[in-house]
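Scroll down for the structure; my scribbles are underneath it.
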Amino acid sequence: MNLLSNIHTPADLKEFNLKDLEVLAEEIRSEMIKVVSQNGGHLASSLGAVELVLALHYVFEAPQDQIVFDVGHQAYAHKMLTGRAENFSTLRQAGGISGFLRREESPYDVFNAGHASTSISAALGLAAGRDLLDKKHSVIAVIGDGALTGGMSLEAMNHAGGMQKNLLVVYNDNRMSISPNVGAICQYLSLKLTTHEHILLRQKVKSILERIMPQKGRRLIKRFQLAEESLKAFLVSPTSFLAAFGFKYIGPLDGHDLGKLVDAFKQMKNFNQPVLLHVVTTKGKGFAPAEENPLAFHGVGRSKIDLHDGLPPQKVSGGPPIAAKNYTDVFGSFLLYAAEKDERITAVTAAMSQGTGLDPFFARFPDRAFDVGIAELHAVTVAAGLAAAGLRPVVAL
Ligand SMILES: Cc1ncc(C[n+]2csc(CCOP(=O)(O)OP(=O)(O)O)c2C)c(N)n1
């Protein structure tokens, strides 16, 4: 931990070059894996956001500039870069570092969360407060594609776009909520050309062309990029979708490319309007078992990861009630059993099919199972509609 142990505030990063930042990213990841394997915690989301958080702290001047993290489960790198690296081993221990952001813990933790979809509202309030108090700093909300399925995020964007406040929303798109994400907006923003695989493929083609024919290759790349941009504008235009909300859209960027992130954030400092920067990341990045199975590594129980094979916690799935192991499994198994007998039984969850024990139901009765996204209010009301239609909905939140 050579570099990390010298970082006490984000100001200590300012002299680093990109190579240093890359080395630091690796140190942060190893520390995260080591501590979470002992204490448990939210591993996959935090691993995926390392470069994003590093670039934010490299470019912006926290705590004057305010970074609001949605949910707060992706912010372990933020904790390490803001004076808590030394005590990071106390994560989630009594008297130790909280697993989420806590204003009581640090001036760098701008807003407490835990429930999803609050960041844009909170950031808008901070931005409006800043303007009323005649201050000049940046306000940034970091929100996942899962949290953007929550209605409040859209209410906040609607309001922010109307107010035209200087506000940066970083949309961290890994296509996962806890389970794979759902809904039209994330599909729209993640259309083929914006996917991570596509970005990786593009990088590969670029480096091969540059290697085999340096001059001509560069010209070809430029032409390819132009063609791709027009195709993208033709096929999908997040620009116009977000313009309807009064936001300028920038992206998609590879959220693990520190150079690109740093350049983009430097540009953002000069905007004076609501901007959404779309970054594509891989949940679990840098730890192969978590990249392969981000669901199992979203929240990890204490002492459940073997650092060598990364074996995830065992999840019980389905089976008759007798095989159930805890209340969640009793519920999940019983609902499955009841649904076999009564075709009217349907299940509704708000992005928590695994945590509420509904995964076996989703597997067995996909047509009768509804994951509505992180939208509890809507879950209850859509269930009321199902009931009014004559079905027997069970809502699990
Ligand atoms: C209102 C609410 N419902 C459900 C949850 C449970 N929950 C915690 S994180 C999460 C998924 C968040 O996904 P995303 O915002 O994409 O972040 P990622 O973990 O992918 O980085 C869910 C559903 C919550 N925190 N708040």
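Add 230 to a position in the sequence shown, counting from 1, and you land on the number used in our numbering. Don't be surprised by glycine CBs; every beta carbon is placed ideally from N, CA and C. Model, not experiment: these values are computed from the prediction.
*Near ligand 1: E606 beta-carbon under 7 Å from a heavy atom*: yes
*Do the region 575–585 and the region 398–418 meet, that is, are 3 or more Cβ pairs less than 8 Å apart?*
yes
*Run the proximity test for Q584: is its beta-carbon closer than 7 Å to any non-hydrogen atom belonging to ligand 1?*
no
*asked:* So for D601, helix, strand or coil by DSSP?
replied: strand
*Do L588 and G562 have their C-beta atoms within less than 8 Å of each other?*
yes
*Report the residue from G325, D339, R333 whose alpha carbon sits nearest the alpha carbon of A307.*
D339
*Would DSSP call P519 helix, strand or coil?*
helix
_Helix, strand or coil at G374 [DSSP, three-state]_ = strand
*Pair within 8 Å by beta-carbon distance, N402 and G485*: yes
*If you measure from the CB of A377, is any heavy atom of ligand 1 nearer than 7 Å?*
yes
*Return no unless some Cβ of chain D is closer than 8 Å to the Cβ of A358.*
Judged by its chain identifiers, the structure shown contains no chain D, having just a single protein chain.
*asked:* For Y288, count the other beta carbons within 10 Å of its own beta carbon; 16 or more makes it buried, fewer makes it exposed. Which is it?
replied: buried
*How long is the line joining the alpha carbons of L233 and M262, rounded to whole angstroms?*
15 Å
*Proximity test, N631 beta-carbon vs ligand 1 heavy atom, cut-off 7 Å*: Because the chain in this structure spans residues 231 to 627, residue 631 falls outside the shown range and cannot be described.
*With R622 as the anchor, note down where its beta strand (DSSP E) starts and where it stops.*
622–626
_Proximity test, N236 beta-carbon vs ligand 1 heavy atom, cut-off 7 Å_ = no
*asked:* Out of R332, F318, P240, V510, which one is the CA nearest neighbour of P293?
replied: P240
_Residues near F495 in its chain [Cβ-Cβ closer than 6 Å; skip 5 each side]_ = A285, V289
*Buried/exposed call for A618, threshold 16 Cβ in 10 Å*: exposed
_Exposed unless 16 or more other CB atoms sit within 10 angstroms - verdict on D572_ = exposed
*Return yes when at least one heavy atom of ligand 1 lies under 7 Å from the C-beta of M406, else no.*
yes
*Closest to F246 by CA distance: which of G489, F501, F527, K513 is it?*
G489
*asked:* Rounded to the nearest angstrom, what separates F592 and C416 at their Cα positions?
replied: 20 Å
*asked:* Let's see if you can read the secondary structure: which residues bound the alpha helix (DSSP H) around T469?
replied: 468–473
*asked:* Can you give me the C-alpha to C-alpha distance between L354 and H367, rounded to a whole angstrom?
replied: 13 Å
*For A568 and G476, the rounded distance between their alpha carbons*: 48 Å
_Give me the DSSP bridge partner(s) of M262._
Answer by DSSP bridge pairing: none, since M262 is not bridged.
*If you measure from the CB of G344, is any heavy atom of ligand 2 nearer than 7 Å?*
This structure simply doesn't include ligand 2; it includes ligand 1 instead.
*Answer yes or no: do T576 and R598 have a C-beta to C-beta separation smaller than 8 Å?*
yes
*Look up K478 in the DSSP assignment and say whether it is helix, strand or coil.*
strand
*Enumerated in chain order, which unbroken segments of the alpha helix (DSSP H) with a length of 4 residues or greater are wholly contained in the region 283–365?*
306–309, 349–362
*asked:* For G380, which residues in the same chain have their Cβ closer than 8 Å to its Cβ, ignoring the five residues on either side in sequence?
replied: A346, S347, G603, I604, A605
*Evaluate the contact criterion for the region 273–284 versus the region 312–332: three or more CB pairs, one atom per stretch, below 8 Å.*
no
*Below 8 Å CB to CB, which residues in the same chain sit around R333 once its five sequence neighbours on both sides are set aside?*
D339, V340, F341, N342
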